[in-house]
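Inspection log for the structure reproduced underneath, given as structure tokens.
Residue numbers (my numbering): 5 to 328.
Have a look at this one:
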């Protein structure tokens, strides 16, 4: 079976190939706008610094992964963040531009079927136990029960705000529950979010493709002011502003909250708004700005992941939570 990825254009609103995307290698207009607001960075500073090749030193890290966070758009343009998992080796670099992932999202996951047509994907490979993480962004398509990814941007990330967790076991025999969909959060889902110390965010810009990242803090750092709205602080990072840059150009985004102990997933798609008012950030110690997220659709899948994790310790970089 061939591992090559067809780069010919295909139809679909959520897809842009490397051959037709003009923004790769150029400064990201959204990143530059956020940097100017923050009086940081400058021309040439940002995602344009990173190329499409996978450094050979990343190969063992990718092969060691038991889960990957992926982000992509569905056929209607809604952005979703999802998880795929498997034994070590389920993700394999075939060469410096190709990764094969021997897994798909759980049945009922909004991203399970979308890769029949090649489209942008943002991948976050992270090890909570070591707090290492890398981003692998590109285009992907489904081949059988796996994904083939052609990379367009690969970079390592700092370990800030990652909580340490270790895998304690798997529940391979337990099948995922049916997807439960809604337009607003239930009380149980609201508590889940308010108690979370980590979530994942997927974003996309037409010229630069999809991206997956994480946000972390002490429990309570994500506020839920209403059943269809979230709010969280944006802490200091690497000043690339890849996520915020995408959101500046395209507010459509997706969030993923994990129940680490039981494998449940909570996926939200909607629109994010960056609040750069210093007065808003004052409610959150250590925050540079605040992000508000309006929910369009909620999807909960119990036991979507077979991995079971045990919490070890919080990141030493986590600021204390405020009163919001």
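Here a beta-carbon is modelled for each residue, glycine too, at the ideal position from N, C-alpha and C.
query, result
"DSSP state of residue 58 mapped onto helix, strand, coil", "coil"
"Residue 219 beta carbon less than 9 Å from that of residue 254", "no"
"The alpha helix (DSSP H) enclosing residue 282, as first and last residue numbers", "282-285"
"Distance CB(residue 329)-CB(residue 318) smaller than 9 Å", "Examination of residue 329 is not possible in this model, given that the chain is present from 5 through 328 alone."
"Where residue 118 falls, given that 16 or more other Cβ within 10 Å makes a residue buried", "buried"
"Nearest to residue 54 (by Cα), restricted to the options 105, 184, 32, 111", "32"
"Local Cβ density within 10 Å of residue 281, reported as buried at 16 or more and exposed below that", "exposed"
"Cα-Cα separation between residue 128 and residue 283, rounded to whole angstroms", "32 Å"
"Enclosing alpha helix (DSSP H) for residue 250 [first to last residue]", "246-253"
"Unbroken alpha helix (DSSP H) run spanning residue 196, endpoints", "191-198"
"9 Å Cβ cutoff, residue 203 in contact with chain B", "Although the question refers to chain B, the structure presented lacks it and comprises just one protein chain."
"Residue(s) in a DSSP beta bridge with residue 203", "219"
"C-beta contact flag for residue 214 and residue 259 at 9 Å", "no"
"Buried or exposed by the 16-neighbour rule on C-beta atoms within 10 Å, applied to residue 61", "exposed"
"Opening and closing residue of the beta strand (DSSP E) in which residue 64 lies", "Per DSSP, residue 64 belongs to no beta strand (DSSP E); it is in the alpha helix (DSSP H), 63-68."
"Beta-carbon proximity list for residue 41, same chain, < 8 Å, skipping 5 on both sides", "280"
"Buried/exposed call for residue 99, threshold 16 Cβ in 10 Å", "exposed"
"Closest residue to residue 188 among 81, 301, 122 (Cα-Cα distance)", "301"
"Cα-Cα separation, residue 107 to residue 90", "7 Å"
"Residue 257: first and last residue of the uninterrupted beta strand (DSSP E) it sits in", "256-263"
"Nearest candidate by alpha-carbon position, reference residue 122, set 34, 287, 150", "150"
"C-alpha distance - residue 313 paired with residue 132, whole-angstrom precision", "9 Å"
"Where residue 21 falls: helix, strand or coil (DSSP)", "In this prediction, residue 21 scores a pLDDT of 41, lower than 50, which makes its location untrustworthy; the coordinate-derived value is nonetheless stated afterwards. Note: residue 21 maps to coil in three-state DSSP."
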